[in-house]
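Chains as they are written, first to last, in the working numbering: chain A, 1 to 215; chain B, 216 to 465. Glycine included, each C-beta is placed from N, C-alpha and C at the ideal position. Beneath this line is the structure, given in structure tokens, with notes to follow.
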Amino acid sequence: MALLSKKDTNLILDPLADNNPITIQVLGICSALAITAELKASVVMAISVIFVLGVGNVVISLMRNMIPNKIRIIVQLIVVATLVIIVDQVLKAFAYELSKTLSVFVGLIITNCIIMGRFEAFALGNGPWKAFLDGIGNALGYGVILIIVGFFRELLGSGTLFGIKVLGDPVAKSGLYATGYENNGFMIIPPAALIVVGLIIWVQRSKNRALIEEN
Amino acid sequence: MLEHLELFFKSIFIDNMVFAVFLGMCSYLAVSKKVATAVGLGAAVIFVLAVTVPLNWLLDQYLLRDGALVWLGPEYADYDLGFLSFILFIATIATMVQLVEIVVEKFSPALYNSLGIFLPLIAVNCAILGGSLFMQSREIATFGLALNYGISSGIGWFLAILAIAAIREKIRYSNVPAPLRGLGITFIITGLMGIGFQSFGGMLTGGGDSVVPVEETTAKKEEIKEEEEKKKKDEMAANAVSYTDINTNE
Chain A
1 MALLSKKDTN
11 LILDPLADNN
21 PITIQVLGIC
31 SALAITAELK
41 ASVVMAISVI
51 FVLGVGNVVI
61 SLMRNMIPNK
71 IRIIVQLIVV
81 ATLVIIVDQV
91 LKAFAYELSK
101 TLSVFVGLII
111 TNCIIMGRFE
121 AFALGNGPWK
131 AFLDGIGNAL
141 GYGVILIIVG
151 FFRELLGSGT
161 LFGIKVLGDP
171 VAKSGLYATG
181 YENNGFMIIP
191 PAALIVVGLI
201 IWVQRSKNRA
211 LIEEN
Chain B
216 MLEHLELFFK
226 SIFIDNMVFA
236 VFLGMCSYLA
246 VSKKVATAVG
256 LGAAVIFVLA
266 VTVPLNWLLD
276 QYLLRDGALV
286 WLGPEYADYD
296 LGFLSFILFI
306 ATIATMVQLV
316 EIVVEKFSPA
326 LYNSLGIFLP
336 LIAVNCAILG
346 GSLFMQSREI
356 ATFGLALNYG
366 ISSGIGWFLA
376 ILAIAAIREK
386 IRYSNVPAPL
396 RGLGITFIIT
406 GLMGIGFQSF
416 GGMLTGGGDS
426 VVPVEETTAK
436 KEEIKEEEEK
446 KKKDEMAANA
456 VSYTDINTNE
């Protein structure tokens with residue numbers, strides 16, 4: 001990694017595990033839960049957030065000395081809203097089916113706390129390159145959790161991955177279904193996402209006990 | 216009247232902001248450690264939703280949706296400013312929150328002291344923007360229903376955060392496995408509460424029919440829309456053909 005100094009690498013790698021936006025910083029949970037019933041939607045959502053957060057962090061960082069402190073929230077909201085409109089229009093143009101599944105949740109990237117959180121905590125105090133790395137890192141950390149949750153929910157709930165029947169056909173009773181395996185419909189309903197994230201937090205904190213909360 | 220009642224109970228229990236669509240989770244998790252603060256934030260959310268949803272409904276109806284500008288004159292009938300809805304909605308919400316904060320501070324210092332710190336937080340609460348976006352995608356028909364939707368979904372959010380705050384105050388005395396403490400167990404409890412809230416699904420159908428999930432209904436609506444659009448396009452194509460015919464004839 002000649003391109004990135006050690007500090008820069010940490011900016012990207014930290015949010016992937018020990019400073020994960022979802023499981024540790026408790027940011028951006030709303031969208032993480034609602035759209036993870038399918039892996040495909042999770043991946044698209046992750047990519048959208050990577051784009052919005054990466055570009056947004058750079059823009060805010062470039063403007064950080066020009067924005068009056070009092071109206072910074074509105075300025076930030078406008079920057080995010082513009083980027084999200086771009087994402088939304090691109091999705092509608094090239095992946096119409098998916099943009100229907102995601103419905104209002106693309107718009108809700110605007111109020112995704114990760115974005116405002118990183119603008120406030122990082123982009124307002126750092127240069128564009130660092131802000132870019134921080135944005136990409138945090139969005140990747142968000143995406144990783146999204147993809148893990150989406151993977152388990154789609155695999156256990158529908159027996160598919162990206163819509164491909166990996167466990168065999170439940171109607172024709174082929175593959176794993178021949179042995180009497182059934183899909184777990186519980187994983188499809190929205191509250192299951194919360195429980196899966198809860199379990200991920202459990203696993204992560206058992207591995208790294210420094211993260212355990214007081215209460 | 217009946218549709219008002221139906222929407223009211225539906226938005227509180229069946230399409231509950233927290234348990235059915237997971238909106239406003241960030242502040243729901245962050246501010247639910249004590250019941251008193253949870254009540255403050257919940258009240259502020261009801262208030263802001265009740266103001267912004269009807270306002271955004273007006274914006275949507277008279278500015279944004281396909282053909283909404285027709286009141287300016289027939290030549291504006293073709294404009295569809297729908298792509299601007301995100302930026303306009305969020306601008307309305309941010310300004311309204313600021314305005315509400317100023318007004319409350321001026322006229323009711325006591326209320327300001329209890330709500331004040333939460334108001335700026337609310338501008339970026341997904342429940343607020345979500346309320347407006349769902350209002351748009353579910354095509355709520357009248358101003359009164361939009362107001363109703365704002366208030367009732369706010370009450371639903373309020374109930375949710377009140378419930379989890381009460382549970383979290385009690386769970387402090389339980390022996391939760393160490394890695395699950397705090398965030399982890401809150402997630403799992405919320406999940407269980409969400410499953411509980413799913414049982415309200417039978418309320419409007421009398422328990423007979425299975426409930427159609429939210430996403431499906433919106434998707435269906437959009438399918439209908441799509442068909443209409445297709446029809447329009449077909450008609451236009453037909454017209455185009457006839458024009459070219461005329462041209463070639465000449």
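Residue range of the alpha helix (DSSP H) that includes residue i
i, result
"Ala46(A)", "Leu39 to Met63"
"Ser108(A)", "The sequence given here places Leu at residue 108(A); Ser does not occur at that position. Leu108(A) -> no alpha helix (DSSP H), and no H or E assigned at all."
"Ala380(B)", "Phe358 to Ile386"
"Trp202(A)", "Pro191 to Lys207"
"Glu120(A)", "Cys113 to Ala121"
"Gly221(B)", "It is worth fixing the name first, because residue 221(B) is Glu in this sequence and not Gly. First-last of the alpha helix (DSSP H) with Glu221(B): Leu217 to Phe224."
"Arg396(B)", "No alpha helix (DSSP H) contains Arg396(B), which DSSP labels as neither H nor E."
"Tyr215(B)", "Any question about residue 215(B) goes unanswered here, given that chain B covers just 216 to 465."
"Tyr181(A)", "Careful: Tyr181(A) lies outside any alpha helix (DSSP H) and carries neither H nor E."
"Arg72(A)", "Arg72 to Phe94"
"Val528(B)", "Not covered by the structure: residue 528(B). The range shown for chain B is 216 to 465."
"Ala251(B)", "Val250 to Leu274"
"Phe234(B)", "Careful: Phe234(B) lies outside any alpha helix (DSSP H) and carries neither H nor E."
According to DSSP, residues forming a beta bridge with residue i
i, result
"Lys165(A)", "Thr160(A)"
Within-8 angstroms CB hit, residue i to chain B
i, result
"Ala81(A)", "yes"
"Val104(A)", "yes"
"Ile85(A)", "yes"
"Asp60(A)", "Residue 60(A) is actually Ile in this sequence, not Asp. Ile60(A) does not count as touching chain B."
Closer than 8 angstroms at the beta carbon, the chain A residues around residue i
i, result
"Gly417(B)", "The contacting residues do not exist; Gly417(B) stays about 14 angstroms from chain A at best."
"Thr199(B)", "The requested residue 199(B) does not occur in the structure, where chain B is confined to residues 216 to 465."
"Ala235(B)", "Pro190"
Cutoff 8 angstroms: residue i Cβ touching any chain A Cβ
i, result
"Gly422(B)", "Low confidence applies here, because Gly422(B) scores a pLDDT of 48, under 50, leaving its location unreliable and the question unanswered by this model."
"Asn231(B)", "no"
"Glu465(B)", "Unreliable placement is indicated for Glu465(B), whose pLDDT of 40 sits below 50; the coordinate value is still reported in the next sentence. No, no contact with chain A."
"Met311(B)", "no"
"Gln413(B)", "yes"
"Ile227(B)", "no"
"Ser352(B)", "yes"
"Phe373(B)", "no"
"Tyr409(B)", "The sequence shown places Gly at residue 409(B), not Tyr. Closer than 8 angstroms to some Cβ of chain A, the Cβ of Gly409(B) qualifies, so yes."
"Val427(B)", "Low per-residue confidence applies at Val427(B): pLDDT is 48, beneath 50, and the placement is therefore not dependable, though the value from the model is reported in the following sentence. So no, Val427(B) is outside the interface."
"Phe262(B)", "no"
Chain B residues whose Cβ lies nearer than 8 angstroms to that of residue i
i, result
"Ser206(A)", "Pro394"
"Thr267(A)", "Only positions 1 to 215 of chain A appear in the structure, and residue 267(A) is not among them; the question remains open."
"Trp202(A)", "Pro392, Pro394, Leu395 and Gly399"
"Val197(A)", "Phe402"
Partners in chain B for residue i, counting only beta-carbon separations shorter than 9 angstroms
i, result
"Thr36(A)", "Here the premise fails: no neighbours, minimum Cβ distance about 10 angstroms."
"Val43(A)", "Ordered by position in chain B, no residue passes the 9 angstroms Cβ test against Val43(A), which lies about 18 angstroms from the chain."
"Leu108(A)", "Leu238, Cys341, Leu344, Gly345 and Leu348"
"Ile136(A)", "Within 9 angstroms Cβ-Cβ: nothing; Ile136(A) doesn't reach chain B, min ~21 angstroms."
Per-residue contacts from residue i into chain A (C-beta, under 9 angstroms)
i, result
"Leu244(B)", "Val26 and Ile29"
"Ile302(B)", "Leu77, Ile78, Ala81, Thr82, Val84, Ile85 and Ile110"
"Phe322(B)", "Result: empty, since nearest Cβ-Cβ is about 22 angstroms, beyond 9 angstroms."
Near the ligand GTP: residue i beta-carbon under 7 angstroms from a heavy atom
i, result
"Met311(B)", "This structure lacks the ligand GTP, and indeed carries no ligand of any kind."
Quiz item: On the three-pair Cβ rule with 8 angstroms, is the region 118–130 of chain A touching the region 239–256 of chain B?
Solution: no
Quiz item: Do the region 34–44 of chain A and the region 79–86 of chain A touch if we need at least three Cβ pairs shorter than 8 angstroms?
Solution: No, because fewer than three Cβ pairs between the region 34–44 of chain A and the region 79–86 of chain A fall closer than 8 angstroms, the two stretches do not touch.
Quiz item: With contact counted as at least three CB pairs below 8 angstroms, one residue from each stretch, are the region 352–371 of chain B and the region 220–236 of chain B in contact?
Solution: yes
Exercise. Examine the Cβ distances between the region 159–173 of chain A and the region 44–56 of chain A and report whether three or more of them are shorter than 8 angstroms.
Key: no
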